[in-house]
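>
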Amino acid sequence: MGGCEGESSFATESLCPYCLDRVPAVREMCGDDVYLVKSCPDHGEFRTIIWRGGPEFQGWKRQPNVVRTSESQTIVDRGCPFDCGICPMHRKNACTAVLEVTSRCNLRCAVCFADSGSDSASDPALTEISEWYRWVLQAYGPDIIIQLSGGEPTIRDDLPAIIEMGRSLGFSFIQVNTNGLRLAMEEDYASVLRQAGAASVFFQFDGTEDEIYRKLRGRAFYAEKRRAIERCVENGIGVVLVPTIVPGVNTHNIGAIIKLALELSPGVRGVHFQPVGYFGRGPNAPDNSSRITLPDIMRSIEEQTDGLMRAKDFTPPGWENTLCSFHGTFIPKPGGGLQALTGHGGGCCSSREGSDTHAVSFTARQWSASPATKGSDCCCTVPSDPASGIETLDGFLEQVKSRMLSVSCMAFQDVWNLDLERARDCCIHVVAPDGRMIPFCLYNLTSVSGEKLYRGRGERPARF
Numbered sequence: 117m118g119g120c121e122g123e124s125s126f127a128t129e130s131l132c133p134y135c136l137d138r139v140p141a142v143r144e145m146c147g148d149d150v151y152l153v154k155s156c157p158d159h160g161e162f163r164t165i166i167w168r169g170g171p172e173f174q175g176w177k178r179q180p181n182v183v184r185t186s187e188s189q190t191i192v193d194r195g196c197p198f199d200c201g202i203c204p205m206h207r208k209n210a211c212t213a214v215l216e217v218t219s220r221c222n223l224r225c226a227v228c229f230a231d232s233g234s235d236s237a238s239d240p241a242l243t244e245i246s247e248w249y250r251w252v253l254q255a256y257g258p259d260i261i262i263q264l265s266g267g268e269p270t271i272r273d274d275l276p277a278i279i280e281m282g283r284s285l286g287f288s289f290i291q292v293n294t295n296g297l298r299l300a301m302e303e304d305y306a307s308v309l310r311q312a313g314a315a316s317v318f319f320q321f322d323g324t325e326d327e328i329y330r331k332l333r334g335r336a337f338y339a340e341k342r343r344a345i346e347r348c349v350e351n352g353i354g355v356v357l358v359p360t361i362v363p364g365v366n367t368h369n370i371g372a373i374i375k376l377a378l379e380l381s382p383g384v385r386g387v388h389f390q391p392v393g394y395f396g397r398g399p400n401a402p403d404n405s406s407r408i409t410l411p412d413i414m415r416s417i418e419e420q421t422d423g424l425m426r427a428k429d430f431t432p433p434g435w436e437n438t439l440c441s442f443h444g445t446f447i448p449k450p451g452g453g454l455q456a457l458t459g460h461g462g463g464c465c466s467s468r469e470g471s472d473t474h475a476v477s478f479t480a481r482q483w484s485a486s487p488a489t490k491g492s493d494c495c496c497t498v499p500s501d502p503a504s505g506i507e508t509l510d511g512f513l514e515q516v517k518s519r520m521l522s523v524s525c526m527a528f529q530d531v532w533n534l535d536l537e538r539a540r541d542c543c544i545h546v547v548a549p550d551g552r553m554i555p556f557c558l559y560n561l562t563s564v565s566g567e568k569l570y571r572g573r574g575e576r577p578a579r580f
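Per my numbering, the very first residue in the sequence shown carries number 117; after that it's consecutive.
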C-alpha cells in the first residue's frame, strides 16, 4: 500500500468511499507531505493528501489527550464507526452539541454539508427540541456549547423561543449558525435574538468580494453580510466569521478576511476557516490539487497578512485530535502589529491540560461579545516582550477583554480522507433525532453515490 518507499507510515483505519466498509489505512509520509492511503478488496486503493508542507507533521502531531468522563449511550457491536451514540470506543466528551432545528434554507449552496432540504419540509416541534436539550443535559451537563443549526435556523419564527428554552435549562452559551440574511433584512432581529439569550453567531462569511459569493452561494450579497455583522455587534452578539475555503475561488482572500476581522474587532471575535469537503457529488476521487490542508491555510495566513500573523503563531488543539484543527489568539500592540498569545507553548490558549469544561469556557468567553475578565481562569501570561507595549497585568487584561481575536481552522473529514482515529477523538457531536450523539464528520459522511452513514437513517444501535 502506498508509493513513498522508505518513508514513515502510521496505521489507522478508514472507510471505502464506494461501499462504506471499514478498511485498513496508513498515514504515509512523502517528504513534507502526508497522505491517507487505504485499500478496499473490491474497489481498489485510494490516496488522499491530508498534510502539505510545513509545519513539520511529526512535530505537530501529538498523542491524544484522552479525557472521557461521560457515559456511553450505545454498545460496541460492529465497531467504529457503526455504533455511534456515543459508544465506549469514543475517547472524548463533547465540547459542542449541534441541534439541527430545521432542514429548510433560503440559499442553495453547493458547498454546504448541512441538512438543506425542501422548503416544505416540516420542522421538529418545540417539544422534540426540548427533548434534545434534555438529552444533551443528561449526557454532558450544561457546560457545553450549544449550536443551533439547520438548514438555516433563522427561517424559524420561533427561533427566539428555542434559544430561551435552552437558556432556561441552564445552557449558558447558545450560538446560532447562520448565513445572516434575515439579520441583514430585519433591523430588529439581532436585538430579538440577543434578548432571547443568543451569545454568538457562527456567521457564514466566505470573503470580501461579491464574486466569491456568486460562485459559492449563487448570488452576490457582501453588502448584506456587512450589514448583518453590524447589527449583531450593535446588539451585543459576538460574531465568528466562518469562511468555507475552496481552491481557486477564495484562497486568495484569506488575508483580506483576517484584516477585515481585525478592523471590526472587538465586535468580531474570531475567524474560523473551514476547507471544503467532498460529499457524494461524483464517482471519482477529488484531485489532490483540490484539497486544502491545515498547513496550506497557516502559510496563506502568513503570506497574505504580510507576516502580521505567522504560521508559527498557531498551535494544535488542546482538546480534539491534533490533526483536526489549529488555533491562534492575538491582541493588537499599542504601537502597531499583533501580539500572539499562542504558538510558543504558553497559556491556556494552547494548553493541552485541564478539563473539558475549561476548554469550553475559554471558547465561550472568547466568542461572546463581552468576555468577563474578573476571576477569569485564563492562564495566559502577560507578554514578556517590553516592545509589545503591554507591560502590566491590568493593561493585558484590558486588551484581552476588548481586543483579543481568535483565528482557527477545522479540517472536516469526508469519505476520502476519513481517519477513524480522528473520528474517535471528535468533540463536536450532532444530536440525532433519536437522541444519539454522533461525531460531526460521521453524521455528514456520504459514499460517492450519496449513501449516508448516519444522517436520515432510522436504524438505531443497541443501547446499554
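The beta carbon of each residue, even a glycine, is placed where N, CA and C say it ideally should be.
(1) Which runs of the beta strand (DSSP E), 3 residues or longer, sit entirely within the stretch 274-301?
(2) Tell me the residue span of the alpha helix (DSSP H) that contains Q320.
(3) Taking L536 and T128 to be in contact with their CB atoms under 8 Å, please state how far apart those CB atoms are, rounded to whole angstroms.
(4) With DSSP collapsed to three states, give me the class of C496.
(5) From the beta carbon of N222, is the nearest beta carbon of chain D less than 8 Å away?
(6) Which residue or residues does DSSP assign as beta-bridge partners of M145?
(7) What is the DSSP secondary structure of I262, counted as helix, strand or coil?
(8) Pull the bridge partners of W167 from the DSSP assignment, please.
(9) Taking DSSP as the reference, what is the three-state secondary structure of V355?
(10) Let's test the definition: count the other Cβ atoms within 10 Å of the Cβ of C496 and tell me whether it reaches 16, buried, or not, exposed.
(11) Locate the alpha helix (DSSP H) running through I79, then write down its first and last residues.
(12) Since I believe P432 is in contact with F442 (beta carbons under 8 Å), could you give me their beta-carbon distance rounded to a whole number of angstroms?
(13) Looking at the strands, I want to know which residues DSSP matches up with G371.
(14) For the beta strand (DSSP E) holding V531, just list the boundary residues, first then last.
(15) Which full runs of the alpha helix (DSSP H) of 4+ residues lie inside the stretch 400-434, going along the chain?
(16) Can you tell which of A213, V142 and A456 has its C-alpha closest to the C-alpha of R519?
(17) Ignoring anything shorter than 3 residues, give me the beta strand (DSSP E) runs that lie fully in the stretch 190-219, in order along the chain.
(18) Following the continuous alpha helix (DSSP H) through Q179, name the residue where it begins and the one where it ends.
(19) Per the DSSP calculation, L80 is bridged to which residue(s)?
(20) Tell me which same chain residues have a C-beta within less than 7 Å of the C-beta of V362, skipping the five on either side of it?
(21) In its own chain, which residues sit with a C-beta less than 6 Å from the C-beta of T212, not counting the 5 before and 5 after it?
(22) Near I353, which residues of its chain fall below 8 Å by C-beta distance, leaving aside the five closest residues on each side in sequence?
(23) Which residues in the same chain have their Cβ closer than 7 Å to the Cβ of H159, if we skip the five residues on either side of it in sequence?
(24) Who are the near neighbours of S186 in its chain, counting only those whose CB is closer than 7 Å to its CB and skipping five residues on each side?
(25) In chain order, what residues of the same chain have a beta carbon less than 6 Å from the beta carbon of C203, not counting five sequence neighbours either side?
(26) Taking all protein chains shown into account, do 16 or more other C-beta atoms lie within 10 angstroms of the C-beta of D412, making it buried, or fewer, making it exposed?
(27) Is it true that the CB of D239 sits closer than 8 Å to the CB of T106?
(28) Have a look at P269 and I279 and give me their C-alpha separation to the nearest angstrom.
(29) Please return the same chain residues whose Cβ sits closer than 6 Å to the Cβ of S125, not counting the five positions on each side in sequence.
(30) I think P197 touches L569, with their Cβ atoms under 8 Å apart; what is that distance to the nearest whole Å?
(31) Residues in its own chain within less than 7 Å of E567 by CB, not counting five upstream and five downstream?
If we stick to the structure as given:
(1) For the beta strand (DSSP E) assignment, the uninterrupted runs of no fewer than 3 residues enclosed by the stretch 274-301 are, from N- to C-terminal side, 290-294.
(2) Mapped onto the sequence shown, residue 320 falls at position 204. Per DSSP, Q320 belongs to no alpha helix (DSSP H); it is in the beta strand (DSSP E), S316 to Q320.
(3) As a working mapping, residue 536 is identified with position 420 in the sequence shown. As a working mapping, residue 128 is identified with position 12 in the sequence shown. L536 to T128, Cβ: 6 Å. Contact.
(4) Along the sequence shown, read from residue 1 onward, the residue named residue 496 stands at position 380. With a pLDDT of 44 at C496, under the threshold of 50, the modelled position of this residue cannot be trusted; read the value that follows with caution. Coil at C496, not helix or strand.
(5) No chain D appears in this structure, which consists of one protein chain only.
(6) In the sequence shown, counting from the first residue as 1, residue 145 sits at position 29. Bridge pairing for M145: V150 [DSSP].
(7) Numbered from its first residue, the sequence shown carries residue 262 at position 146. I262 falls in the strand class under three-state DSSP.
(8) Counting from one through the sequence shown, the residue named residue 167 turns up at place 51. BP columns for W167 point to V150.
(9) As a first step, residue 355 must be located in the sequence shown, where it is residue number 239. Of the three classes helix, strand and coil, the one that applies to V355 here is strand, per DSSP.
(10) The residue given as residue 496 occupies position 380 in the sequence shown. Because C496 sits at a pLDDT of 44, beneath the cut-off of 50, its placement in the model cannot be relied upon, and the point is left open.
(11) Because the chain here runs from 117 to 580, residue 79 falls outside it and cannot be looked at.
(12) Here residue 442 is taken as the residue at index 326 of the sequence shown, counted from 1. Here residue 432 is taken as the residue at index 316 of the sequence shown, counted from 1. Between P432 and F442 the Cβ distance is about 6 Å, and since that is below 8 Å, they are a contact.
(13) Locating residue 371 in the sequence shown gives position 255, counting from the first residue. None; G371 has no bridge partner.
(14) Locating residue 531 in the sequence shown gives position 415, counting from the first residue. Taken as a continuous stretch (DSSP letters only), V531 belongs to no beta strand (DSSP E), as it is neither H nor E.
(15) Those alpha helix (DSSP H) runs which fall completely within the stretch 400-434 and span 4+ residues are 410-420.
(16) Residue 519 sits at position 403 when you count from the first residue of the sequence shown. Closest by alpha carbon: A456.
(17) Restricting attention to beta strand (DSSP E) runs no shorter than 3 residues, the stretch 190-219 encloses them at 212-216, ordered along the chain.
(18) The residue you call residue 179 lines up with position 63 of the sequence shown. Careful: Q179 lies outside any alpha helix (DSSP H) and carries neither H nor E.
(19) What is shown of the chain runs 117 to 580, which leaves residue 80 out entirely.
(20) Residue mapping note: residue 362 aligns to position 246 of the sequence shown, counting from 1. Counting only Cβ-Cβ distances below 7 Å, and skipping sequence neighbours, we find V227, L332 and V392.
(21) Translated into positions along the sequence shown, residue 212 becomes position 96. I261, Q263 and I544.
(22) By 1-based counting over the sequence shown, the position of residue 353 is 237. Closer than 8 Å at Cβ, skipping near neighbours: A306, L309, R310, A314, A315, S316, V317 and A485.
(23) The residue you call residue 159 lines up with position 43 of the sequence shown. Within the same chain, H159 has close Cβ partners C132, Y134 and C135.
(24) Within the sequence shown, numbered from 1, the residue matching residue 186 stands at position 70. Hits under 7 Å: N209, A255 and Y256.
(25) As a first step, residue 203 is located in the sequence shown; it is residue number 87 there, counting from the start. Taken in chain order, the residues that qualify are S188, T190 and V192.
(26) The sequence position of residue 412 within the sequence shown is 296, counting from 1. That one is buried.
(27) Nothing in the structure corresponds to residue 106, since the chain is present only between 117 and 580.
(28) The residue you call residue 269 lines up with position 153 of the sequence shown. The residue you call residue 279 lines up with position 163 of the sequence shown. Roughly 11 Å between the two C-alpha positions.
(29) Sequence index remark: in the sequence shown, residue 125 carries index 9 (1-based). Once the five neighbours on either side are set aside, the close Cβ partners of S125 are V142 and E144.
(30) The residue labelled residue 197 in the question sits at position 81 within the sequence shown. The residue labelled residue 569 in the question sits at position 453 within the sequence shown. The Cβ separation is near 7 Å, so the contact holds.
(31) Mapped onto the sequence shown, residue 567 falls at position 451. Here the set comprises L136.
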